[in-house]
Amino acid sequence: MNDTNQNQFEEILKQSLSKNSCIKIVLSKKRPNSDQVASKINIRPIELKGNLCYQKTSQVQKQTIHENFSSVEIANNVLDLFENHYLNCHLFTTESDYEIRHKKKDGIHINQSKPTLKQSIEPHNKTRQYIIPDETPCQFLIEVGIMTTDGKVRKSRYSKFRQINRYLELVSDTVPSLPENETIRVIDFGCGKSYLTFALHYYLTEILSRKVQIIGLDWNEHVIRECEKIANKLNITDIHFQTGDIGHFKNSDPVHLAVSLHACDTATDLALAHAISWKTDVILAVPCCQHELFSQISHSAQSPILDHGIMRERYSSLATDALRASLMEICGYNTQVIEFIDMEHTAKNVLIRSIRSRPIQNDGGENDSLTQKKEADVANYQEFKALLGIETFAMERELRKLDQIDSFSG
Ligand SMILES: C[S@@+](CC[C@H](N)C(=O)[O-])C[C@H]1O[C@@H](n2cnc3c(N)ncnc32)[C@H](O)[C@@H]1O
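Per my numbering, numbering of the sequence shown is gapless, rising by one per residue and ending at 417.
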């Protein structure tokens, strides 16, 4: 091996990583005796929880493996892989492209040329990177037709791709509230075609290397059969698809994460109430078609809004989600209502994200500040209901049925 060129390669690589000028590294052309390594490896900088790191993506048979490394770790990893397993390495930096090859006769050969790629992470890491990147084959996205087999997102499916990534970002913020060392148990209510269920599975198992048990529940038998077919093709055995009604779903195992995405009308209320009753650690809901309050809301002081159909509809949707968030707080969940995906892509863009924070039942005054908070939450909820002029609300009825609220009438 030519030591000078080896040292030069090491120097170029380490400099590009320390200066954040590295855009991409590709290792290809396996050595004949390197059966155990991926046929090709792609490495790119990504921002993870505000820190720059390097994501290594390896395609091993049908499986895509993602691993994240610091710049020091990735430098050592690339040098080791290039020395022992791969004949070619392409390093793309903001200043130059480098093609580094092992040549039979004269050892390592380095070819430098003009840069062909643009930096996608800005110097201060402000650019958002997708958790599942474009341009890298991801088996489940290929299977559901969002990506081509060479990893390109189909133009017509780009908004779904963005939605999936946005969803995973929102999930990733809640990971610290999930158990650290046990299997993460998840229920996806109204899973439908399950793009987001598979995405969640991919994120937790492939990216975070966690063990999961996921139930995908939907009352549409046809979609459940289709989801099963996809799971079989992908060799996924830890998602169990089940036909059933959210309102009648019985569960005796612990649940750590419950999601309900675009479940129609009061199905969201049933999902939230059931998840609360199981003391689920994290609950995520993106409601849709909130019809329940539309005809109920009646308060003369609000007639400037209620007299116009479009405003009545939007107002009743917002009021529904406000009441849901308020009940989540009453039941001991820290709750945020945030934008799921911008309005340009879907009008169903509100996410209710709740993290369990305190005992659900009234603690009998043992903890004054919690009791006071709960009393204030209940008072606000009641006042808001009175302002809306509504008698009854699905989530409250279901919580009552499940014995989850006992200390106020409504
Ligand atoms: C609009 S789709 C959303 C699918 C998926 N969660 C997503 O976001 O892509 C709503 C799904 O909820 C299911 N659903 C609605 N009400 C339900 C209920 N009470 N029990 C079970 N499934 C329900 C429907 O069959 C449908 O598949």
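Ideal Cβ placement from N, Cα and C applies to all residues, glycine included.
In the structure shown, I53 falls within a strand segment according to DSSP collapsed to helix, strand and coil. Judged by DSSP in its simplified three-state form, Q249 adopts strand. Within its own chain, the residues whose Cβ lies closer than 8 Å to the Cβ of I191, once the five positions on either side in sequence are excluded, are L185, L211, R217, K218, V219, Q220, H263 and L264, listed in chain order. The set of residues with a C-beta under 5 Å from any non-hydrogen atom of ligand 1 comprises G197, G199, D225, W226, N227, D252, I253, L268, H269, A270, C271 and A274, given in chain order. Looking at the DSSP output, N118 bridges to E106. DSSP lists no beta-bridge partner residue for K111. Residue pairing of G158 in beta bridges, as defined by DSSP: absent, with no partner found. A distance below 6 Å between beta-carbons, with the five flanking residues on each side excluded, links S305 to the following residues of its chain, in chain order: G396. Look at H269 here: in three-state DSSP terms it is strand. The beta-carbon separation of D104 and S120, rounded to 5 Å, stays under the 8 Å limit for a contact. Taking the Cα positions, N258 is about 24 Å away from N239. Just so you know, the alpha carbons of N14 and S23 end up roughly 14 Å apart. For a cut-off of 8 Å, the C-beta gap from E299 to D272 is around 7 Å, short enough to register as a contact. Between K26 and S35, the gap from beta carbon to beta carbon reaches 8 Å or more.
Nearest C-alpha to N95 among T101, E102 and D87: D87. Contiguous alpha helix (DSSP H) elements confined to the segment 262-339 occur at 274-284, 310-313 and 316-337, taking only those with 4 or more residues. Per DSSP, the continuous alpha helix (DSSP H) segment holding L406 begins and ends at A401 to K408. I138 carries a coil assignment under DSSP once its states are collapsed to helix, strand and coil.
The count of Cβ pairs closer than 8 Å, one atom from the segment 141-153 and one from the segment 64-72, reaches three, so the stretches are in contact. Ranked by Cα distance from I283, the options N172, I117 and S267 are led by S267. Take K167, set aside five residues on each side of it, and the residues of its chain with a beta-carbon closer than 7 Å to its own are I153 and Y202, in chain order. Under the three-pair Cβ rule at 8 Å, the segment 228-243 does not count as touching the segment 159-174. Per the DSSP secondary-structure output, S65 pairs in a beta bridge with I48 and I72. Inclusion of H92 and S41 in the CB contact set at 8 Å is warranted, their separation being smaller than that value. Between I149 and the set A45, E189, F196 and A206, the nearest pair of CA atoms involves A206.
Ranking R164, I412, R360 and Y322 by CA distance to the CA of V178 puts R360 first. Just so you know, the alpha carbons of I194 and D413 end up roughly 26 Å apart. Cβ-Cβ separation between I115 and H109: approximately 6 Å, consistent with a contact (criterion under 8 Å).
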